[in-house]
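One structure is given below, encoded as structure tokens.
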Amino acid sequence: MIQLLIVDDQDTFRRNLATLLSAEEDLEVIGQARDGQEAIALSESLHPDLILMDVRMPVCDGVTATYEILQRSPWIRILVLTMFDDDEYILQSLQAGALGYLLKRTPAKQIAAAIRALDLGYCQLGPTIAPKVFARLNKSDLATVQPVTQNYSLSERDAEILALLSQGKSNREIAQTLHITEGTVKNYITRILNELGLRDRTQAALWSQQHLNQGSVAKNAANQGKCQG
């Protein structure tokens, strides 16, 4: 059962979404918040698996709330669900640590599917959101992703895992592809994040999209990832 916290200042939308998601056998809405401040408090008391977070709200916005929540509880997955598709909102949300970004017009069944995918480790970007993210990558707008240098120390296996992360693979799928355990995958990802100065697997996937075509290690990883994927 995936336990959810829904954060949105529009009461009708929030309650209707809670009703629709609660109808799914594997989803449970354990709390609702009207703003980011309430979300921070409820995340600490309820310990949800995943938070559906709006962006523009009174008192405390969704980007700030996302950052604050993940500082306290980095294991919580956050999926932004909003009506705004502005580039800055998208990038700021990802910088804060959100693992997905969908628009409110997304059908409830697709939102439920995105929740399940996020729970498995997939990043989830709506069909109109993903092109915006990758278009901006070339402009280096993800300020918290450090520029690539020749001083980082990545093994061939590190690069393989980065390549698979960029394809949206979950830890389980990476483990199956590389014939290693999920625990080993988690250890590699932790080391990679520390080495590259990244916050989470979303930033690692974005970094990989931007940089895996540079350098011999990256080329080998990309090729092996494609063959094995």
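My numbering puts the first residue of the sequence shown at 3, with every later residue one more than the last.
For glycine and all other residues, C-beta sits at the position ideal for the given N, C-alpha and C.
Using 8 Å as the threshold, is the region 96–104 in touch with the region 167–180, meaning 3 or more CB pairs across them? no
Determine the DSSP secondary structure at M3, reduced to helix, strand or coil. coil
Residues near K106 by beta carbon distance below 8 Å, same chain, minus five either side: F15, L83, T84 and M85
Is the Cβ-Cβ distance between G102 and L122 less than 8 Å? no
Counting Cβ pairs closer than 8 Å, one from the region 20–31 and one from the region 39–49, do we hit at least three? no
Report, in whole angstroms, the separation of the C-beta atoms of T68 and M55, which I expect to be a contact under 8 Å. 6 Å
Outcome for P50 when other beta-carbon atoms lying within 10 angstroms are tallied against a minimum of 16: buried
In three-state DSSP terms, what is R36? coil
Between Q126 and S168, which are expected to be in contact by the criterion C-beta below 8 Å, what is the C-beta distance as a whole number of angstroms? That pair is no contact at about 15 Å.
Can you tell me whether A35 is buried or exposed? The criterion is at least 16 other CB atoms within 10 Å of its CB, across all chains shown. buried
For D37 and I117, I'd like the C-alpha separation in whole angstroms. 20 Å
Give every residue of the same chain whose Cβ lies closer than 6 Å to the Cβ of V61, excluding the five residues on either side of it in the sequence, and list them in chain order. D37 and Q39
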